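Following: one structure in structure tokens, then a few remarks.
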Amino acid sequence: MSENLAIVRKRLNRPLTYGEKILYSHLDDPEGQDIERGTSYLKLRPDRVACQDATAQMAILQFMSAGMPSVATPTTVHCDHLIEAQIGGDKDLDRAKSINKEVYDFLSSSCAKYNIGFWRPGSGIIHQIVLENYAFPGGLMIGTDSHTPNAGGLGMVAIGVGGADAVDVMANLPWELKAPKYIGVKLTGELSGWTAPKDIILKVAGILTVKGGTGAIVEYHGPGTNSLSCTGMATICNMGAEIGATTSLFPFNDRMYDYLNATKRQHIGDFARKYANELHEDEGCEYDQLIEINLSELEPHINGPFTPDLATPISKFKQAVIDNKWPDELKVGLIGSCTNSSYEDMSRGASIAEDAMAHGIKSKALFTVTPGSEQIRATIERDGQLKTFEDFGGIVLANACGPCIGQWDRKDVKKGEPNSILSSYNRNFTGRNDANPATHSFVTSPDLVVAMSIAGSLSFNPLTDTLKDKDGNDFKLKAPTGDGLPKNGYDPGQDTYQHPPESRDSVEVQVSPSSDRLQILQPFDAWDGKDATDLPILIKAQGKTTTDHISMAGPWLKYRGHLDNISNNMLIGAINAANGEANKVQNFKSGDWDAVPATARQYKKDGIKWVVIGDWNYGEGSSREHAALEPRHLGGLAIITRSFARIHETNLKKQGMLPLTFANPEDYDKINPDDKVDIMCTELAVGKPITMKVHPKDGQSWDCQLNQTFNEGQIEWFKNGSALNTMAKKHNS
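Quick look at the structure:
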């Protein structure tokens, strides 16, 4: 790293941010690489790749089609997404193992075949396992999950990507990232009382909004960083995904050293101390935007409902509940997840539960606990916090994502019934947790989740309000306390890791030809070299269109390895501007109204390519590349929007599609859902606009200018039909 950095320092001759140091020291060509914040595409060599089981299926299927004997970069796969929360830990895990057997067999055998580390179901959530085992200061890793930045809590640049990007790095290609801008967050003072590390990112999300971090690395610095635990810093970096940030990062400090030591990696801590002068920002470095937060004055926050950037301090929350008519009764409190399931989180939460039980009361709301890893579960079982939560009325779920990603078979309310839930998770889009669009989901610290679950009400403020004990006397909850690290060390619990075998030649990858969950990929067709004319608009999507709207999770997760089957969920959540409804579009040939995927399949059968028109920040949210694979598989050519979220735009390019944006965003309003369009594909060139000719049903045709961000290499992907086709072409030549 320091050799590369010395080359770049000489070239740039200016103080660098910590994020710049990490990225520039991982450049494929530090001497020749063009380096301009916000414009250059950096070609990078990450140190590691991590995949979760829902995205790993497609990533490995794609890697197989590149024809290589083993991954070129250390890679791990983590089974955490396919375990549905229903009745509690062990039973849910056993059910998942039997339901998902063929997927787990495929992942286990393909990991063994291609030299990939495999963390079996029950081991824990990918980001927690990475923090406990693999993250290190100054490193660069990519992960096929949008909350990969969690490892920023250990001073690592960790970036969420689509599966196709992971395939590149597994196959020894440099990974491409648009050089980010840098948002500095200067922390002063220190946290106390009810305020937790989570409140820092809840506050930052309120300032920057879901779009404010796009294209930027959020870099925390200042004296306030030294008082935060390593896992608390990880919490902050994890939820940075919700402001669209490329990643978030903390400078190396003693709290990171303590955590490395506690997780049996003292040698890495010692090594980091040797190079500590490079593991933070240079004095005088410039940030593109600077935010200052005084931790001594920061209040606890609650964000939501329906969006993670609607931030309300606890002192104003009671009034906000009344003003917005949010359901005041708290139905369920949920703590844990990859964002907040550290030993510190669990200890602080348990201290509040113990305080309540000492006064003879328990949780009024339903209460669930999701341990982030087997190591956390085993340690809090040994040290008693787990029993506290169970006595308090809690259900302990499996070491997996569970309700945070919609893997929750919720029974306490009917679909469509307005209700409120409060979690320590990271994301709360409509319907995300329980598929009920009327559920008002709020995110906060585990401390407030526990406290408000005791009251069973959103208008309870533990800083000022009292509760009634079992005898009807008023009492006030004590502020939470808890150790950042376990005094007796971590208990690793059950062994859930599968090493790749020494000899891998005889390993057979298991895919049944009759499977409805796994399907070997067929290459997409190359571009025919012509302009595309007379294309219908499959749907003009209106308003927020996240990757959840484009390729829903929940019950569809089981088809993540079968492209044709999962394509039956394509865009079924998007709102059609023509009628204000979801999953109802008109077939221009027959005039019939039908589901989006069915209409697309009919066009494909008739050999008709189609386009989608989209609104602002199209494709925000999770990094799933199925949202790009499905439109490509069903015959789409271009997605034309007011703007794109970063990962989704790249994913579309990888699959040989054209992500295009209106040069004039108002043109979105001029386009009718039943217009036909011509896309002048032959005009595709670096930095040049593309013309779209619009033909209204009745009225004058008009030219619409579209912008695109393709570079030379990405144009090859389009011409060859996909990035994978391009890779296989090189591999075979």
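Position in the sequence shown (from 1) plus 59 gives the number in the numbering used here.
Just so you know, even glycine gets a beta-carbon here, dropped at the ideal spot from N, CA and C.
Every value quoted in this text rests on a predicted model; they were computed, and no experiment measured them.
- [ ] Could you check what DSSP says for W615 in three-state terms: helix, strand or coil?
- [x] helix
Open item on the list: Below 8 Å, how does it come out for the segment 633–643 and the segment 591–601: are there three or more Cβ pairs, yes or no?
Closed with: yes
- [ ] To the nearest angstrom, report how far apart L75 and G453 are at their CA atoms.
- [x] 47 Å
- [ ] Mind the definition here: the segment 587–594 touches the segment 194–207 only if three or more C-beta pairs lie below 8 Å; say whether that holds.
- [x] no
- [ ] Pick helix, strand or coil for E689, following the three-state DSSP scheme.
- [x] helix
- [ ] Put D112 into one of helix, strand or coil per three-state DSSP.
- [x] helix
TODO: Please work out which residues of its chain come closer than 7 Å, Cβ to Cβ, to G252, disregarding the five sequence neighbours upstream and downstream, and give them in chain order.
DONE: A538
Open item on the list: What does DSSP give as the partner residue(s) for H186 in the beta ladder?
Closed with: Paired residues: none, contrary to the question.
Open item on the list: With three or more beta-carbon pairs closer than 8 Å as the criterion, would you say the segment 110–118 touches the segment 234–254?
Closed with: no
TODO: Per DSSP, which residues does N635 bridge with? Please list them.
DONE: A600 and E640
Task: Separation of K257 from D88, as counted between CA atoms - done: 38 Å
Task: Buried or exposed by the 16-neighbour rule on C-beta atoms within 10 Å, applied to A113 - done: buried
Open item on the list: Using the three-state DSSP reduction, which class does W776 fall into: helix, strand or coil?
Closed with: helix
- [ ] Measure from the alpha carbon of V472 to the alpha carbon of each residue in E388, C110 and D550, then state which is nearest.
- [x] E388
Task: Sequence-distant residues of the same chain with beta carbon closer than 7 Å to T489, five excluded per side - done: F365 and P496
Task: DSSP three-state assignment for C740, whether helix, strand or coil - done: helix
Task: Which of helix, strand or coil DSSP assigns to Q645 - done: strand
TODO: Go ahead and pull the three-state DSSP assignment for Y193.
DONE: coil
Open item on the list: At the level of alpha carbons, what is the spacing between G303 and L64?
Closed with: 27 Å
Open item on the list: Suppose contacts are defined by Cβ-Cβ distances below 8 Å. Is L71 in contact with L101 by that definition?
Closed with: no
Open item on the list: My output table needs one value for C397: the three-state DSSP class, helix, strand or coil.
Closed with: coil
Task: Enclosing beta strand (DSSP E) for M751 [first to last residue] - done: I749 to H754
Open item on the list: Based on DSSP bridge pairs, tell me the residues matched to H137.
Closed with: Q111 and W178
Open item on the list: Helix, strand or coil, according to DSSP, for L120 in the structure here?
Closed with: helix
Open item on the list: My output table needs one value for M416: the three-state DSSP class, helix, strand or coil.
Closed with: helix
Open item on the list: Please state the DSSP three-state secondary structure of Y662.
Closed with: helix
Open item on the list: Taking 6 Å as the limit between beta carbons, can you name the residues of its chain near Q714, skipping five residues before and five after?
Closed with: A687, L688, R691 and S781
Open item on the list: I'd like to know if the segment 641–658 and the segment 677–684 are in contact, where contact means that at least 3 CB-CB pairs between them fall below 8 Å.
Closed with: no
Open item on the list: Quick check on D93: buried or exposed, where buried means 16 or more other Cβ atoms within 10 Å of its Cβ?
Closed with: exposed
- [ ] Find the nearest neighbour of T700 within the set P724, S99, L357 and A409, judged by alpha-carbon distance.
- [x] P724
Task: Contact the segment 267–286 vs the segment 527–536: 3+ CB pairs below 8 Å - done: no
TODO: Mind reading off the beta-carbon distance from H140 to L616? Whole number of angstroms is fine, and I expect it under 8 Å.
DONE: 6 Å
Open item on the list: Assuming F426 is part of the beta strand (DSSP E), what are its boundary residues?
Closed with: L425 to T429
TODO: State the Cα-Cα distance for the pair K333 and I259, rounded to the nearest angstrom.
DONE: 30 Å
Open item on the list: If I follow the unbroken beta strand (DSSP E) through D550, where does it start and stop?
Closed with: Counting along the chain, D550 falls outside any beta strand (DSSP E), and DSSP gives it neither H nor E.
Task: CA-to-CA distance, E403 to I609, given in whole angstroms - done: 37 Å
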